[in-house]
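Novice: Residue numbers (the working numbering), protein chains in the order written: chain X, 205 to 741; chain G, 205 to 741. A virtual CB, placed ideally from N, CA and C, is assigned to each residue, including glycine.
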């Protein structure tokens with residue numbers, strides 16, 4: 205029997221309108237180079253409505269795809285909101301992809317128009333002729349742009365200065381799409397729903413996740429093209445936080461100065477970024493005391509990193525886990541109250557885990573036998589998740605999800621491809637990507653665990669462990685180590701450091717010193733590149 | 205075009221299972237008399253499943269109504285979860301209603317079974333023969349109960365010790381019903397949905413509302429039969445908070461000792477209760493320092509009360525507003541960050557307002573001309589709301605809501621019957637119930653504003669203002685004043701105190717001193733009773 209509550213759809217437009225109504229004076233700061241553009245949510249809101257008129261005038265209708273090829277900026281934020289609110293599908297393009305991959309995803313999504321930063325127009329020039337679906341390119345100009353394409357600012361200036369009448373949208377409608385950075389085969393399209401992002405936004409505002417709130421100053425340094433910018437471009441506006449957008453720079457000096465100058469209270473990024481920032485902070489004193497906590501996610505975060513930030517800067521890391529297919533935030537590490545009195549060392553044991561499922565997300569870890577693994581913090585299994593912001597299938601495959609992608613779906617659960625443990629408190633720890641595990645003599649070695657142990661060495665900045673083929677054991681670990689600036693480090697030092705820290709049979713067969721760990725387009729360790737270089741696989 | 209996220213229904217059972225999985229060791233404390241019963245969420249969860257077996261064995265199917273006539277206890281909490289999770293509709297009966305009203309709502313809802321505290325069995329005895337729909341009564345026993353009815357504990361002990369298999373429930377299904385305490389005509393049935401309460405729960409956990417979280421100790425002293433207990437019996441369990449249930453006592457001494465002994469961090473109640481507690485605390489020093497904030501709602505909260513708690517106890521009041529039809533929380537008062545530096549006096553001006561709409565709720569205030577009133581903090585109009593946990597109609601009326609109850613619905617908005625203002629920051633302030641306004645010479649006088657001004661007098665404990673008929677002005681205000689214990693107060697003192705505080709034409713025509721303001725069944729000022737006594741209307 206149905207209840208009698210209003211059938212209000214969970215869509216994004218009401219969140220935008222709420223922000224404009226309740227928090228019109230809050231600031232949005234958009235950094236570019238050494239300059240900062242500032243305006244208020246009131247101005248932002250007015251421009252989003254103008255932009256909606258522009259997008260509609262280009263013939264974009266509900267369900268049409270609109271690409272963006274942009275750095276983090278206020279204009280990108282305008283697109284982030286205007287395109288979904290008018291019922292179209294936002295497709296933020298990963299500007300670090302290779303040309304053929306970019307062309308593939310533009311064609312696969314069927315982007316009818318693309319909004320591009322002037323500085324990125326050379327990328328689109330190179331794709332000319334390969335993306336026939338694109339009818340129009342609109343350029344977000346810089347000081348020097350003088351191209352032939354429609355100018356974003358000119359279009360906005362010419363648009364009606366009236367409210368765009370947002371259509372009534374089904375909450376299950378797609379509002380955006382991101383492509384997985386798929387390390388094998390073509391990228392796959394995740395199609396996000398209004399309902400999913402609405403619920404994800406409400407979740408990010410909860411006390412036991414990240415508590416995003418009006419008094420926050422949120423620094424968006426994760427690229428907005430990476431998995432919805434982790435959801436914070438929506439949460440920050442919806443909750444009336446001040447939002448600081450990073451521009452194109454992700455250098456440690458720029459990050460440090462943004463935190464210091466804007467009095468940032470919360471930010472988030474991949475571990476490699478936090479490593480680089482730590483090295484920078486050690487040499488360039490910077491006031492980061494305004495941060496109330498930060499989120500590290502996207503790949504494994506070394507415990508040593510969490511500990512160093514804690515010890516040196518009193519900064520609380522809140523690790524989390526997610527992926528493009530999970531909108532992306534699915535777990536977050538928070539202490540339970542009964543753990544308050546644990547010794548500091550034990551606390552760091554927990555701080556380096558990936559936490560509990562966010563309210564709304566369910567997870568399970570299945571062992572080889574198909575049963576849930578014991579909650580012992582040791583037994584590894586495949587992490588599976590479900591919930592209203594977890595993908596149910598990939599776009600453009602007519603088969604049911606579990607037939608089309610049995611490697612990704614099982615009994616209504618999404619198979620993450622991550623291997624994890626769960627401890628007695630229910631905290632999960634991601635041990636590895638299935639494909640990055642070292643399978644040695646029928647047992648698994650977690651490359652992530654080994655990396656963490658190595659990165660605890662004071663002379664080491666970064667370390668990546670890959671599997672190399674072995675005639676007897678099938679695979680054995682190889683450690684690739686990057687010393688801190690000005691330091692040198694030897695194989696013997698690393699192996700000695702590891703003795704006693706990991707099981708003897710986990711010790712790498714070899715240690716090579718390299719200049720830098722190659723990174724993927726979103727800043728994660730690119731182990732595929734390392735394997736190509738060192739193991740020939 | 206639909207997106208591709210999982211179609212996970214927003215229902216209550218997953219929240220229960222999450223709590224049992226992640227927070228099994230958290231305590232639930234149920235007070236009765238001077239004793240406390242304690243168990244863990246693990247035990248609670250096991251008993252909820254047993255209870256579900258019991259309820260199903262009584263022939264209760266999805267959509268059937270199950271009444272409860274209970275004080276706040278762990279058993280009532282078990283019913284709160286078991287009944288909705290198995291798809292039936294929980295109907296908590298207001299045990300303070302008159303017999304004829306109780307019989308009316310039991311029959312109107314069609315309750316098939318009723319779970320009743322042994323101490324409340326005399327109420328049901330009196331209704332014998334008047335509630336033919338009720339097939340079975342189950343008694344929650346006390347030490348002395350020896351009646352003929354099925355014993356709750358015996359039934360649980362005999363039930364299978366296995367998990368009940370929760371059905372898949374449509375998120376729009378009814379999970380519960382509460383009746384408005386309708387001061388005119390028969391009570392009306394609000395039918396709550398799983399979806400609405402799920403979203404309400406997620407809202408209560410947000411940083412900018414009440415931030416309900418795992419480390420909270422929530423004291424449930426609002427009766428659980430009152431508007432879903434304001435939603436906290438769901439939010440506390442879902443977030444893994446420790447929950448303290450008040451038993452039947454709502455005396456200030458019991459409240460004070462519960463806060464002190466259990467180290468309560470958050471609680472909530474109607475203003476009259478806070479007034480009584482303040483008088484108690486002034487004479488019985490009690491450690492309430494564990495409270496991080498409290499919520500006052502349900503009727504107008506005098507500014508003087510908020511100020512006294514702040515000044516004397518450093519306690520932050522977070523006023524809110526809601527009603528049975530809004531599940532119930534719809535607004536909450538939080539400072540915006542730019543207001544941090546306001547002088548203390550001005551801060552209290554804001555603290556005594558009812559705040560901003562909670563994320564998910566939209567509101568508007570319409571003047572006589574049908575347009576939104578200006579945001580000037582002065583112009584009064586009718587408050588209207590909409591959102592996924594706002595009622596769309598009342599049960600058992602076949603006509604569309606706006607035809608069946610035009611006084612309650614307009615263009616998809618719920619008409620609250622409250623008169624409010626909104627200030628330049630968007631904070632609303634409830635000025636009065638429409639029917640409690642004093643209509644004097646074509647102008648409105650807010651009875652609530654007058655009461656607040658009177659209650660700021662140091663000798664006054666409570667004050668209620670009602671309209672009395674006037675031959676020339678149509679209506680004029682009459683003030684009914686209750687002095688603090690041991691104090692006396694005169695008409696002249698009150699009028700002198702009001703001079704300069706309110707407009708001259710607002711001054712009451714008369715002031716009468718009474719022993720106590722009569723209260724409704726949920727502890728609000730009963731102005732109907734006062735009008736019957738003093739104005740003959």
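Just confirm the distance between the C-beta atoms of residue 652(G) and residue 712(G), as a whole number of angstroms; I'd bet it's less than 8 Å.
Specialist: Incorrect: roughly 14 Å between the Cβ atoms, too far for contact.
Novice: Note down, in chain order, all residues in the stretch 577-598 of chain X with a beta-carbon under 9 Å from any beta-carbon belonging to chain G.
Specialist: Taking 9 Å as the Cβ-Cβ cut-off against chain G, the residues of the stretch 577-598 of chain X that qualify are 590, 591, 592, 593, 594, 595, 596, 597, 598.
Novice: What are the boundary residues of the beta strand (DSSP E) that residue 446(X) is part of?
Specialist: From DSSP, the beta strand (DSSP E) with residue 446(X) extends over 446-449.
Novice: Between the alpha carbons of residue 676(G) and residue 639(G), how many angstroms are there, rounded?
Specialist: Cα to Cα, the separation comes out at about 20 Å.
Novice: Rounded to whole angstroms, what is the Cα-Cα separation between residue 482(G) and residue 460(G)?
Specialist: Using only the alpha carbons, I get a separation of about 10 Å.
Novice: At a CB-CB cut-off below 7 Å, which residues of chain X make contact with residue 396(G)?
Specialist: The contacting residues are 207, 209.
Novice: Would the beta-carbon of residue 625(G) fall within 8 Å of that of residue 635(G)?
Specialist: Their beta carbons are under 8 Å apart, which means residue 625(G) touches residue 635(G) by this criterion.
Novice: Taking C-beta pairs closer than 8 Å, name the residues in chain G that residue 418(X) reaches, listed in chain order.
Specialist: The contacting residues are 412, 538, 540, 541.
Novice: Report the three-state DSSP secondary structure of residue 653(G) (helix, strand or coil).
Specialist: Three-state DSSP puts residue 653(G) in a helix.
Novice: Does the separation of the CB atoms of residue 235(G) and residue 451(G) fall below 8 Å?
Specialist: The answer is yes: Cβ separation under 8 Å.
Novice: Is residue 303(G) helix, strand or coil by DSSP?
Specialist: Reduced to three states, the DSSP call for residue 303(G) is helix.
Novice: Determine the extent of the alpha helix (DSSP H) in which residue 252(G) is found, giving its start and end residues.
Specialist: That run of the alpha helix (DSSP H) goes 245-261.
Novice: Quick check: what's the CA-CA separation for residue 167(X) versus residue 281(G)?
Specialist: Because residue 167(X) is not part of the residues shown, which for chain X are 205 to 741, the question remains open.
Novice: Which residue marks the beginning of the alpha helix (DSSP H) containing residue 684(G), and which one marks its end?
Specialist: It is not in any alpha helix (DSSP H) - residue 684(G) instead sits in the beta strand (DSSP E) that spans 678-687.
Novice: Could you compute how far the alpha carbon of residue 495(G) sits from the alpha carbon of residue 728(G)?
Specialist: Looking at the two C-alpha atoms, the distance is approximately 24 Å.
Novice: Beta carbons nearer than 9 Å to chain G: which residues of the stretch 211-226 of chain X have them?
Specialist: Going along the stretch 211-226 of chain X in chain order, one finds 211, 212, 213, 214, 218, 219, 221, 222, 225, 226 with a Cβ nearer than 9 Å to chain G.
Novice: Classify residue 414(G) as helix, strand or coil using the three-state DSSP reduction.
Specialist: Residue 414(G) falls in the coil class under three-state DSSP.
Novice: Across which residues does DSSP place residue 342(X) in a beta bridge pair?
Specialist: Bridge partners of residue 342(X): 319(X), 354(X).
Novice: Counting along the chain, where does the alpha helix (DSSP H) carrying residue 506(G) start and finish?
Specialist: No alpha helix (DSSP H) holds residue 506(G); DSSP gives it neither H nor E.
Novice: Answer with buried or exposed for residue 207(X), where buried requires no fewer than 16 other C-beta atoms within 10 angstroms of its C-beta.
Specialist: The residue is buried, with at least 16 neighbouring Cβ atoms inside 10 Å.
Novice: For residue 563(G), return the contacting residues in chain X, with the cut-off set at a CB-CB distance below 9 Å.
Specialist: Those are 219, 222, 405, 406, 409, 442, 443, listed as they occur along chain X.
Novice: Tell me which residue opens and which closes the beta strand (DSSP E) that residue 525(X) is part of.
Specialist: First-last of the beta strand (DSSP E) with residue 525(X): 521-526.
Novice: Taking the alpha carbon of residue 287(G) as the reference point, which residue from 438(G), 680(G), 513(G) has its own alpha carbon closest?
Specialist: For residue 287(G), the nearest C-alpha among the options comes from 438(G).
Novice: Are the stretch 207-216 of chain G and the stretch 398-415 of chain G in contact at 8 Å, needing three or more beta carbon pairs?
Specialist: At 8 Å Cβ cutoff, the stretches touch.
Novice: Do residue 317(X) and residue 335(X) have their beta-carbon atoms positioned less than 8 Å apart in this structure?
Specialist: Not a contact, by the Cβ cut-off of 8 Å.
Novice: Tell me which residues of the stretch 362-392 of chain G have at least one Cβ-Cβ distance to chain X shorter than 9 Å, keeping chain order.
Specialist: Per Cβ criterion, the list reads 374, 376, 377, 378, 379, 380, 381.
Novice: Find out if the Cβ-Cβ distance for the pair residue 599(G), residue 395(G) is shorter than 8 Å.
Specialist: Yes, Cβ-Cβ distance for residue 599(G) and residue 395(G) is below 8 Å.
Novice: I'd like to check one pair, residue 666(G) with residue 479(G): are the Cβ atoms closer than 8 Å?
Specialist: Yes, they are a contact pair.
Novice: Rounded to whole angstroms, what's the CA-CA distance from residue 536(X) to residue 526(G)? Just pull it up for me.
Specialist: About 31 Å.
Novice: Could you round the C-beta distance between residue 709(G) and residue 650(G) to whole angstroms and report it? I think they count as a contact, below 8 Å.
Specialist: About 13 Å; that fails the 8 Å criterion.
Novice: If you count every other CB in all the chains shown that lies within 10 Å of the CB of residue 742(G), and 16 or more means buried, which is it?
Specialist: Nothing about residue 742(G) can be reported from this structure: the residues present for chain G run from 205 to 741 only.
Novice: Which whole-angstrom value describes the C-beta separation of residue 738(G) and residue 682(G), a residue pair presumed to lie in contact below a C-beta threshold of 8 Å?
Specialist: The Cβ separation is near 6 Å, so the contact holds.
Novice: Which of the three DSSP states is assigned to residue 367(G) in this structure?
Specialist: DSSP places residue 367(G) in coil when its eight states are reduced to three.
Novice: Under 8 Å by Cβ, that's how I've got residue 801(G) and residue 590(G) pegged, so tell me the actual separation to the nearest angstrom.
Specialist: With chain G covering only 205 through 741, there is no way to say anything about residue 801(G).
Novice: Take the Cβ of residue 716(X) as the centre, count every other Cβ of all protein chains shown within 10 Å, and call the residue buried at 16 or more, exposed below.
Specialist: Residue 716(X) should be labelled exposed.
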